[in-house]
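Visitor: To start, I am sharing the structure in question, which I have written as structure tokens.
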Amino acid sequence: MPTFALLIWPLCALVIGQRLPFQKALIWGIIVPYLFLPEAFSIDLPGLPDLDKTMMVSLGILIIFVTNRSSIDPAPRESEAPLLRFLLLVGIIMILTAPSLTVLNNQEALRFGNTVIPGLPLKESITDPIITTLSIAPYYFARRYLATPQAHRKMLMVLTIMGLLYSVLMLIEMRLSPQLHRWIYGFHQHSFLQHIRDGYRPMVFLYHGLFVGFFICTCVLAALGLWKAGQGVKWLIAAGWLLVMLLMSNNLGATVICFLMTAVYLVTGRWIQILFAMSIGFVIFLYPVFRGAGIVPVEQISAAAATVSEARSKSLGTRLRNEDISLERALEKPLTGWGRWGRNQAYNEAGEVVTIQEGVWILAITVNGWYGYLGLFSVLTLPAMFMIGVWRRKEIPPETFALMAITTGNLIYMIPTALLTPVSWMTFGALTGFMLNRVQGNETETETEMTGADGPVSHYTRFAGTRVHTPMQRPATGVAHHGRTKALQ
Numbered sequence: 002m003p004t005f006a007l008l009i010w011p012l013c014a015l016v017i018g019q020r021l022p023f024q025k026a027l028i029w030g031i032i033v034p035y036l037f038l039p040e041a042f043s044i045d046l047p048g049l050p051d052l053d054k055t056m057m058v059s060l061g062i063l064i065i066f067v068t069n070r071s072s073i074d075p076a077p078r079e080s081e082a083p084l085l086r087f088l089l090l091v092g093i094i095m096i097l098t099a100p101s102l103t104v105l106n107n108q109e110a111l112r113f114g115n116t117v118i119p120g121l122p123l124k125e126s127i128t129d130p131i132i133t134t135l136s137i138a139p140y141y142f143a144r145r146y147l148a149t150p151q152a153h154r155k156m157l158m159v160l161t162i163m164g165l166l167y168s169v170l171m172l173i174e175m176r177l178s179p180q181l182h183r184w185i186y187g188f189h190q191h192s193f194l195q196h197i198r199d200g201y202r203p204m205v206f207l208y209h210g211l212f213v214g215f216f217i218c219t220c221v222l223a224a225l226g227l228w229k230a231g232q233g234v235k236w237l238i239a240a241g242w243l244l245v246m247l248l249m250s251n252n253l254g255a256t257v258i259c260f261l262m263t264a265v266y267l268v269t270g271r272w273i274q275i276l277f278a279m280s281i282g283f284v285i286f287l288y289p290v291f292r293g294a295g296i297v298p299v300e301q302i303s304a305a306a307a308t309v310s311e312a313r314s315k316s317l318g319t320r321l322r323n324e325d326i327s328l329e330r331a332l333e334k335p336l337t338g339w340g341r342w343g344r345n346q347a348y349n350e351a352g353e354v355v356t357i358q359e360g361v362w363i364l365a366i367t368v369n370g371w372y373g374y375l376g377l378f379s380v381l382t383l384p385a386m387f388m389i390g391v392w393r394r395k396e397i398p399p400e401t402f403a404l405m406a407i408t409t410g411n412l413i414y415m416i417p418t419a420l421l422t423p424v425s426w427m428t429f430g431a432l433t434g435f436m437l438n439r440v441q442g443n444e445t446e447t448e449t450e451m452t453g454a455d456g457p458v459s460h461y462t463r464f465a466g467t468r469v470h471t472p473m474q475r476p477a478t479g480v481a482h483h484g485r486t487k488a489l490q
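This is the structure:
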């Protein structure tokens, strides 16, 4: 069944591409396979990258693009924020070249007691960059074609709808235990024991229950964004339902982030929201430095966790100790890292693995070194740090602010988890595209929605209620349009 599901998806993507407009097809083509294709399973192709969920998402995107190629509207040219564009280009080049440098610097075998790990094969210096390129395809296409506020609105709608659908499946697993993946695909995608804590924590068809928690957190913020954009009270009701599902899902980290981002998004002004996103981007970018220098208040964090639950406090303590050991391991090859296949882990004298690496940041720095880390996190965090400049140049609508809240929450969640998914890449790409592109004219549906008797009226800007010139009356300014990372355990 898992093989059939993976192989049938390209046909499904073809149908989606033929039936829906390109933007909607692209959004559905990223979110649906991420939510429903099998996890922890791949089809081994000799001489080619393995076909797994992430690869099939990217393949589906390419099929949708080819299917709609003749009808796709030209994407706005990326002509804003030249410094940000240059830094992002450097970051992407570093992301794509880091795997090759890692392979070339890890030809030697490693021996830990009776355990021998061979050097990385040279062929991976070619295949790994290809895998990386395909893994971040959602970022490329979202940055190019999902960068308008109207596209952001469509994205938020699809996220909310799929969150509501997923909530039904979550209820089934909360009642009957996390079994859907086993019932449909024949195996558990992760440890069943990790999902029993004061009740069942649903996994549905994602890699871990923690991923389900943040997806629902994303959907809550998406629904709130639609409500703030004036799309109706039904989205506020949807946000309330999804928040209840999140509270029931035994995901403390995602719940805390959801309440934090909801408070920032609903209570504070735009200026505070932007400063908060900038601060989070800066802290996450330099987190390994802060962590290694002892600036992160780990003892206070552990004490706070102990007030919630002794079990959670022990779990957090184990994670923090693993991070300390992994950082020491990373310092042995700081530039290019140790590569995959368990080489990035720490071992004892008996050859047993003594670390569990879970956060995106620690995986990036141990696998691809500082070179890979700086490339990856520059692409993910620099847009947040440059948001203040965008806000000064053009209006940012509620839908885009909601997207900023989602990506900011995702950055925080990357510290304890390996959550960098196709949906993550889509949201980061869409927000980045908005920051870089000039408007080329509004979409038809938006012109219809926002046109008054005397011309379009802004409903969402800090100049709400003032007359806005049509594109024919002004220059082309104003609004414009996480890869697979898994712990090797």
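So the number in our numbering is just where the residue sits in the sequence shown, counting from 1, plus 1.
Yeah, the Cβ is synthetic: ideal placement off N, Cα and C, and Gly gets one too.
Because the structure is a prediction, the values reported are computed rather than measured.
Taking just the CA atoms, how far does residue 41 sit from residue 20?
Guide: Translated into the one-based positions of the sequence shown, residue 20 becomes position 19. Translated into the one-based positions of the sequence shown, residue 41 becomes position 40. Cα to Cα, residue 20 sits roughly 30 Å from residue 41.
Visitor: Let me make sure I understand the geometry here. Which of 138, 249, 401, 302 has the alpha-carbon closest to that of residue 201?
Guide: On the sequence shown, residue 201 is found 200 positions in, with the first residue counted as 1. For residue 201, the nearest C-alpha among the options comes from 249.
Visitor: Check the C-beta distance from residue 345 over to residue 361 and give it rounded, since I have them as a contact under 8 Å.
Guide: Taking the first residue of the sequence shown as position 1, residue 345 is located at position 344. Taking the first residue of the sequence shown as position 1, residue 361 is located at position 360. Contact doesn't hold; Cβ gap of about 13 Å is too wide.
Visitor: Return the CA-CA distance between residue 275 and residue 388, expressed in angstroms with no decimal places.
Guide: Position 274 of the sequence shown, counting from 1, holds the residue named residue 275. Position 387 of the sequence shown, counting from 1, holds the residue named residue 388. Cα to Cα, residue 275 sits roughly 7 Å from residue 388.
Visitor: Is it the case that the stretch 47-66 contacts the stretch 212-231, given that we only count it when at least three CB pairs across the two stretches are under 8 Å?
Guide: These segments do not touch.
Visitor: Within its chain, find whatever has a CB closer than 8 Å to the CB of residue 110; leave out the 5 residues flanking it on each side and keep chain order.
Guide: The sequence position of residue 110 within the sequence shown is 109, counting from 1. Excluding positions up to five away in sequence, the list reads 117, 118, 119, 120.
Visitor: Contact between the stretch 286-298 and the stretch 318-337: three or more CB pairs below 8 Å?
Guide: Contact holds: three or more Cβ-Cβ distances are below 8 Å.
Visitor: From the DSSP output, which residues share a beta bridge with residue 9?
Guide: To locate residue 9, count along the sequence shown from 1; it is residue 8. None; residue 9 has no bridge partner.
Visitor: For residue 303, which residues of its own chain have a beta-carbon under 8 Å away from its beta-carbon, when the five flanking residues on both sides are left out?
Guide: Mapped onto the sequence shown, residue 303 falls at position 302. Closer than 8 Å at the Cβ level, and outside the excluded window around residue 303, lie 314, 317, 318, 321.
Visitor: What three-state label does DSSP hand residue 197 in the structure shown?
Guide: Locating residue 197 in the sequence shown gives position 196, counting from the first residue. In the structure shown, residue 197 sits in a strand (DSSP, three-state: E or B).
Visitor: Let me make sure I understand the geometry here. Which of 81, 352, 370, 351 has the alpha-carbon closest to that of residue 341?
Guide: If you number the sequence shown from 1, residue 341 lands on position 340. The option with the nearest alpha carbon to residue 341 is 370.
Visitor: Does the Cβ of residue 144 have 16 or more other Cβ atoms within 10 Å, making it buried, or fewer, making it exposed?
Guide: Here residue 144 refers to the residue found at position 143 when the sequence shown is read from its first residue. The residue is buried, with at least 16 neighbouring Cβ atoms inside 10 Å.
Visitor: Anyone know if the C-beta pair for residue 23 and residue 146 falls short of 8 Å?
Guide: As a working mapping, residue 23 is identified with position 22 in the sequence shown. As a working mapping, residue 146 is identified with position 145 in the sequence shown. In this structure, residue 146 lies closer than 8 Å to residue 23 by Cβ.
Visitor: Kindly list the residues whose CB is nearer than 6 Å to the CB of residue 229, restricted to its own chain and excluding five residues on each side of it in sequence; keep chain order.
Guide: Position 228 of the sequence shown holds residue 229. Closer than 6 Å at Cβ, skipping near neighbours: 399.
Visitor: Taking the continuous beta strand (DSSP E) assigned at residue 112, which residues delimit it?
Guide: Translated into positions along the sequence shown, residue 112 becomes position 111. Where residue 112 is concerned, the enclosing beta strand (DSSP E) stretches over 111-113.
Visitor: Just to confirm my understanding: we take residue 14, look at its own chain, exclude 5 residues before and 5 after, and list those with CB closer than 7 Å. What are they?
Guide: Residue numbering aside, residue 14 sits at position 13 when the sequence shown is read from its first letter. Counting only Cβ-Cβ distances below 7 Å, and skipping sequence neighbours, we find 30, 61, 64, 65.
Visitor: At the level of alpha carbons, what is the spacing between residue 378 and residue 284?
Guide: One-based indexing of the sequence shown puts residue 378 at position 377. One-based indexing of the sequence shown puts residue 284 at position 283. Rounded to whole angstroms, residue 378 to residue 284 spans 11 Å at the Cα level.
Visitor: Answer yes or no: do residue 235 and residue 25 have a C-beta to C-beta separation smaller than 8 Å?
Guide: One-based indexing of the sequence shown puts residue 235 at position 234. One-based indexing of the sequence shown puts residue 25 at position 24. No.
Visitor: Excluding five sequence neighbours on each side, which residues of the same chain lie with their C-beta closer than 7 Å to the C-beta of residue 97?
Guide: On the sequence shown, position 96 is the one that residue 97 refers to. Counting only Cβ-Cβ distances below 7 Å, and skipping sequence neighbours, we find 130, 133, 134.
Visitor: Curious, which full-length alpha helix (DSSP H) runs of at least 4 residues does the stretch 141-180 contain?
Guide: DSSP runs (the alpha helix (DSSP H)) wholly in the stretch 141-180: 150-177.
Visitor: Find the nearest neighbour of residue 282 within the set 72, 385, 74, 262, judged by alpha-carbon distance.
Guide: Your numbering for residue 282 matches position 281 in the sequence shown. Closest option to residue 282, Cα to Cα, is 385.
Visitor: Going straight from the alpha carbon of residue 114 to that of residue 403, what length do you get?
Guide: One-based indexing of the sequence shown puts residue 114 at position 113. One-based indexing of the sequence shown puts residue 403 at position 402. The straight-line gap from Cα to Cα measures roughly 51 Å.
Visitor: Of the residues 286, 18, 79, which one's Cα is nearest the Cα of residue 73?
Guide: As a working note, residue 73 is residue 72 in the sequence shown. Checking every option, the nearest Cα to that of residue 73 belongs to 18.
Visitor: Quick check: is the beta carbon of residue 292 nearer than 8 Å to any beta carbon in chain B?
Guide: Here there is only one protein chain, and chain B is not present.
Visitor: Please report how far the alpha carbon of residue 311 lies from the alpha carbon of residue 194, in whole angstroms.
Guide: Taking the first residue of the sequence shown as position 1, residue 311 is located at position 310. Taking the first residue of the sequence shown as position 1, residue 194 is located at position 193. Going by the C-alpha atoms only, they are around 17 Å apart.
Visitor: Since residue 392 and residue 140 are thought to touch, with beta carbons under 8 Å apart, how far apart are those beta carbons, to the nearest angstrom?
Guide: The residue given as residue 392 occupies position 391 in the sequence shown. The residue given as residue 140 occupies position 139 in the sequence shown. That belief does not hold up - the Cβ atoms of residue 392 and residue 140 are roughly 22 Å apart, past 8 Å.
Visitor: Residue 161 and residue 218 look like a contact to me (Cβ under 8 Å); what is the Cβ gap, rounded to whole Å?
Guide: In the sequence shown, the residue the question calls residue 161 occupies position 160. In the sequence shown, the residue the question calls residue 218 occupies position 217. Actually they do not touch by this definition, with Cβ atoms about 12 Å apart.
Visitor: With H, G and I counted as helix, E and B as strand and the rest as coil, what does DSSP make of residue 62?
Guide: Locating residue 62 in the sequence shown gives position 61, where the first residue counts as 1. The answer is helix: DSSP assigns residue 62 an H, G or I state.
Visitor: Nearest-angstrom Cα distance between residue 205 and residue 424?
Guide: Counting from one through the sequence shown, the residue named residue 205 turns up at place 204. Counting from one through the sequence shown, the residue named residue 424 turns up at place 423. Each residue's Cα considered, the two are about 16 Å apart.
Visitor: How close, in whole Å, do the beta carbons of residue 70 and residue 79 come, if the pair is a contact with beta carbons under 8 Å?
Guide: Position 69 of the sequence shown, counted from the first residue, corresponds to residue 70. Position 78 of the sequence shown, counted from the first residue, corresponds to residue 79. Residue 70 to residue 79, Cβ: 20 Å. No contact.
Visitor: Does the beta-carbon distance from residue 1 to residue 82 come in below 8 Å?
Guide: Not covered by the structure: residue 1. The range shown for the chain is 2 to 490.
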